Amino acid sequence: MFASESKSENRSTNKKKAGTWSKLVALCTHVMGGYYRSNGTIVRNVASGKTRTSDEAIFVETDVEFASINERTHSRVRYQETQWQENLETILSLVSGLIGKTSPIDPIDPDWATLFFDYAQKVSNKTMQSLWARAMVSELRHPGSISKRSLHFLYHCDAWEIVAFKKVANYAFIGSNGHPFLFRSEHDVDNNDDIFSEARMLSHCINAGLIGPTPRDLLVGFQFEYDNKTHRVTHDVKTVGQATGFLTMSFTKIGSDIVKLLGGLEAIPSSNMQRRVVWDHLSDFIDLEVEQEQSTSLAG
Numbered sequence: 009m010f011a012s013e014s015k016s017e018n019r020s021t022n023k024k025k026a027g028t029w030s031k032l033v034a035l036c037t038h039v040m041g042g043y044y045r046s047n048g049t050i051v052r053n054v055a056s057g058k059t060r061t062s063d064e065a066i067f068v069e070t071d072v073e074f075a076s077i078n079e080r081t082h083s084r085v086r087y088q089e090t091q092w093q094e095n096l097e098t099i100l101s102l103v104s105g106l107i108g109k110t111s112p113i114d115p116i117d118p119d120w121a122t123l124f125f126d127y128a129q130k131v132s133n134k135t136m137q138s139l140w141a142r143a144m145v146s147e148l149r150h151p152g153s154i155s156k157r158s159l160h161f162l163y164h165c166d167a168w169e170i171v172a173f174k175k176v177a178n179y180a181f182i183g184s185n186g187h188p189f190l191f192r193s194e195h196d197v198d199n200n201d202d203i204f205s206e207a208r209m210l211s212h213c214i215n216a217g218l219i220g221p222t223p224r225d226l227l228v229g230f231q232f233e234y235d236n237k238t239h240r241v242t243h244d245v246k247t248v249g250q251a252t253g254f255l256t257m258s259f260t261k262i263g264s265d266i267v268k269l270l271g272g273l274e275a276i277p278s279s280n281m282q283r284r285v286v287w288d289h290l291s292d293f294i295d296l297e298v299e300q301e302q303s304t305s306l307a308g
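Position 166, counted from 1, in the sequence shown is what this note's numbering calls 174; the numbers after and before it change by one each time, with no gaps.
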């Protein structure tokens, strides 16, 4: 009985090892065109491209060939360059579908363009390719609008980080300086408060450099955009420049750039609903006047 269990465990262990080897060969084949050995052999998964399921752990059929170090190098470089060329063509095709017929005469910084293409060619994820295309479109329309630091972040971030950032941006408003920010009612950014319930995601966004780490007092006189109108924070007792008891947290330039690539706050699902919840809560404690109405009354 025990011998039978031992054999069963061995078979299970061997299957796991075979599955891990299979994944390594499949990964190397997909990324570099093969698994390259120092003994002069190249092992390829002949099923590569037929399935993209990462959970497969079966032993795949392989093809083995012998090649010199120069041949192995050329084989890898040709394969990778072909993949990168396909990625660039996909992104540029998306750009062509988004860009208008005219653009400003201001030239794009050649260093920015070099960095863009160096990063973009290695991006194969379809969702991320869409963001890279939007980055180029934004730069063509408004040269200097997307920083090189933002390209660096975009290249090194994972798709799930964009999803997490969207959840935080659901609560964002646009300040008078054109950049997004959050309202908060507590200084401790690690805890949820009455107007923000994504503290865990917020902490990650702060650590990633998308949002400034330090909350600032929301002052009387503060202006921001909401519902296509400019609003000003007012108070019956307090004067301009005094704290209201609420706080704001500004997005960094990188965070602001990523919002642009997502299509703006209005393009983020559920953002309008979340902002409305924040607006309703703030309205119970402070006065939020439409700037145009206030200007008109002063002129009268």
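Idealized CB from N, CA, C, for every residue including glycine. Given the structure is predicted, the values throughout are model-derived calculations rather than measurements.
DSSP, read as helix, strand or coil, puts tyrosine 87 in helix. Cβ contact annotation for lysine 156 (same chain, cutoff 7 Å, sequence separation greater than five): Trp120, Leu123, in chain order. Around the beta carbon of glutamate 297, fewer than 16 other beta carbons lie within 10 angstroms, which makes this residue exposed. Distances from the alpha-carbon of aspartate 166 to those of Ile262, Ala251, Asn133, His239 put Asn133 closest. About 6 Å separates the Cβ atoms of leucine 255 and arginine 224, confirming a contact at the 8 Å cut-off. Using a 10 angstroms sphere on the CB of glutamate 73, the tally of other CB atoms stays under 16, which defines it as exposed.
In the structure shown, lysine 130 falls within a coil segment according to DSSP collapsed to helix, strand and coil.
The beta-carbon separation of methionine 257 and phenylalanine 181, rounded to 11 Å, does not stay under the 8 Å limit for a contact.
Annotation for aspartate 295: the continuous beta strand (DSSP E) segment containing it runs 295-298. Excluding sequence positions up to five before and after leucine 96, its CB lies within less than 6 Å of the CB of Gln129, all in the same chain and listed in chain order. Secondary structure of phenylalanine 125 (DSSP, three-state): helix. CA-CA distance, leucine 100 to alanine 141, rounds to 7 Å. A check of alpha carbon separations from serine 193 across Val286, Arg149, Val248 identifies Val286 as the nearest. Judged by their CB atoms, threonine 242 and glycine 229 are nearer to each other than the 9 Å cut-off. In the three-state reduction of the DSSP assignment, histidine 195 falls in the coil class, being assigned neither a helical nor a strand state. For leucine 162, the enclosing alpha helix (DSSP H) has its first and last residue at 156-164. For lysine 237, the enclosing beta strand (DSSP E) stretches over residues 237-242. With at least 16 other beta carbons inside 10 angstroms of its own, isoleucine 266 counts as buried. Between the alpha carbons of glycine 272 and glutamine 88 lies a distance of about 34 Å. Following the DSSP letters along the chain, one finds valine 267 inside the alpha helix (DSSP H) bounded by residues 261-269. Around isoleucine 219, the same chain offers Val176, Leu190, Leu210, Cys213, Met257, Ser258, Phe259, Thr260, Gly263 as residues with beta carbons nearer than 8 Å, after the five sequence neighbours per side are excluded. Annotation: threonine 37 is outside any beta strand (DSSP E); the continuous alpha helix (DSSP H) that includes it extends over 10-40. Cα atoms of leucine 106 and valine 145: separation of roughly 7 Å, rounded to the nearest angstrom. Contact annotation: leucine 139 and isoleucine 116 have beta-carbon atoms that are not nearer than 9 Å. Short of 7 Å from the beta carbon of arginine 84, and not among the five residues preceding or following it, lie these beta carbons of its own chain, in chain order: Met40, Gly41, Tyr44. For glutamine 282, the uninterrupted alpha helix (DSSP H) run begins and ends at 279-291, by DSSP. In the DSSP annotation of this structure, serine 258 is not part of any alpha helix (DSSP H); the continuous beta strand (DSSP E) holding it starts and ends at 251-258.
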